[in-house]
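Trainee: In my numbering, the protein residues as written are 880 to 1230.
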């Protein structure tokens, strides 16, 4: 399956590089090696491989700088990064540059490398990589919500379970920009979170039809499975918005899908979450609580959005609450104990 595939390895550790290169050549790959980012860029100018495997800790040019440059010059090139444990903040930053997967040193099972490469190349060959990220590589939600637990996914999740500090760094690093604007609308969020616990995670996406969709997850509410559950939600959310428009009916179906996956997975647990859809043309914000409660103030009179059912325990049986945005702005403030410092502001710039 890897026969004839060209792989460029950018790695400053000659022993590790030779081990990976020898294995891939045995699998039929055509392998080139570079020992730092500058040499990696020179190699790319000589020929673009099918896949790039890059370390994040390198001299001359850091792996993060290299991956950023690659994302600008070769946006369609699939990239897998390699990081030593404890570098999850850098990994998360690299993932924002379009990296499709990451591996963590030390790699005890070389087959994990093969599995990751096969997964990324499969997505590349099917021409579906443009809007996918590593969470979708792991969970494969576009194919079937009941995909079996692969060795690669098990390896990643076990590592995150064993390293809660790294897991928290990964979740924090995946948070989007604090301020964002689309047309006449602006989104910003404010967060002051403890360094000793898993964070509230926000993700959002602006769409061309005047809508914006978002979710918030209290990753700490799922205990040891908080990171895996949050990444699963991210995968479903991204796949849903990649494939269809956001509306209430579709989001209820999305919640059903996530709840079904949580019940089937041994690495996921019920979790507190919230979903929202901004419809700019109707001046309306629709909010659904899945156990994560908030006070929503859009007109000067506060609305309490509350649901006792966590995501994973029949949260899809509740209804969206409509918030009037004719006043031009709204603030969603979490009301859970310990989370009150987290708020989301949506504002129309031209009233």
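Cβ atoms here follow ideal geometry from the backbone N, Cα and C, with glycine treated the same way. Remember, predicted model here, so these are calculated numbers, not experimental data.
Straight-line CA distance for residue 1228 to residue 1065?
Mentor: One C-alpha to the other measures close to 7 Å.
Trainee: With DSSP run on the structure shown, which of helix, strand or coil describes residue 884?
Mentor: Residue state, collapsed to three classes: coil.
Trainee: Alpha carbon to alpha carbon, how far is residue 1008 from residue 1017?
Mentor: Unreliable placement is indicated for residue 1008, whose pLDDT of 44 sits below 50; the coordinate value is still reported in the next sentence. Distance between the alpha carbons of residue 1008 and residue 1017 is about 13 Å.
Trainee: What beta strand (DSSP E) runs, 3 residues minimum, are completely inside the stretch 973-1015?
Mentor: Complete beta strand (DSSP E) runs here, min 3: 980-984.
Trainee: How far does the alpha helix (DSSP H) with residue 960 in it extend, from its first residue to its last?
Mentor: First-last for residue 960: 958-963, but that is the beta strand (DSSP E), not the alpha helix (DSSP H).
Trainee: In this structure, how does DSSP classify residue 1224 when only helix, strand and coil are distinguished?
Mentor: In the structure shown, residue 1224 sits in a strand (DSSP, three-state: E or B).
Trainee: Below 7 Å CB to CB, which residues in the same chain sit around residue 995 once its five sequence neighbours on both sides are set aside?
Mentor: The residues are 959, 980, 982, 1031.
Trainee: Count the C-beta pairs between the stretch 1079-1090 and the stretch 1147-1159 that are closer than 8 Å, then say yes if the count reaches three, no if not.
Mentor: Yes: the two stretches touch, three or more of their Cβ pairs being nearer than 8 Å.
Trainee: Among 931, 901, 1104, which one has its Cα closest to the Cα of residue 1000?
Mentor: The residue with the shortest Cα to Cα distance from residue 1000 is 931.
Trainee: Using the Cα positions of residue 828 and residue 968, report the straight-line distance between them to the nearest angstrom.
Mentor: The shown model of the chain, from 880 to 1230, leaves out residue 828, and the question about it has no answer.
Trainee: What do you reckon, are the CB atoms on residue 934 and residue 889 nearer than 8 Å?
Mentor: Contact flag set, yes.
Trainee: Is the separation between the beta-carbon of residue 906 and that of residue 993 shorter than 8 Å?
Mentor: Yes. Within cutoff.
Trainee: Taking the alpha-carbon positions, what's the residue 1167 to residue 1216 distance?
Mentor: Going by the C-alpha atoms only, they are around 19 Å apart.
Trainee: If I follow the unbroken alpha helix (DSSP H) through residue 926, where does it start and stop?
Mentor: From DSSP, residue 926 is part of no alpha helix (DSSP H); its letter is neither H nor E.
Trainee: Can you list, in chain order, the residues of its chain whose CB lies under 7 Å from that of residue 922, leaving out five sequence neighbours each side?
Mentor: So the qualifying residues of the chain are 887, 911, 913.
Trainee: Grab me the residues of residue 948's own chain with a C-beta within less than 7 Å of its C-beta, minus the 5 sequence neighbours each way, in chain order.
Mentor: So the qualifying residues of the chain are 920.
Trainee: Would you mind sorting residue 1141 into buried or exposed? The rule is 16 or more other CB atoms within 10 Å of its CB.
Mentor: It counts as buried.
Trainee: Quick one: what's residue 904 bridged to in DSSP?
Mentor: Per DSSP, none; premise fails for residue 904.
Trainee: With H, G and I counted as helix, E and B as strand and the rest as coil, what does DSSP make of residue 1211?
Mentor: DSSP places residue 1211 in strand when its eight states are reduced to three.
Trainee: Just how far apart, CA to CA, sit residue 1182 and residue 1190?
Mentor: In a straight line, the C-alpha of residue 1182 is about 21 Å away from that of residue 1190.
Trainee: Taking residue 1070 and residue 1101 to be in contact with their CB atoms under 8 Å, please state how far apart those CB atoms are, rounded to whole angstroms.
Mentor: 19 Å between Cβ atoms; not a contact.
Trainee: Whole angstroms is fine: what's the gap from residue 917's alpha carbon to residue 940's?
Mentor: Their backbone Cα atoms lie some 6 Å apart in a straight line.
Trainee: Tell me the DSSP secondary structure of residue 940 in three-state form.
Mentor: If DSSP states are grouped into helix, strand and coil, residue 940 belongs with coil.
Trainee: Among residues of its own chain, excluding the 5 on either side of residue 1061, which ones have a beta-carbon nearer than 8 Å to its beta-carbon?
Mentor: Same-chain partners within the cutoff: 1085, 1091.
Trainee: Rank 885, 1133, 1138 by C-alpha distance to the C-alpha of residue 925 and give the top, closest one.
Mentor: It is 885.
Trainee: If you count every other CB in all the chains shown that lies within 10 Å of the CB of residue 989, and 16 or more means buried, which is it?
Mentor: Under this definition residue 989 is an exposed residue.
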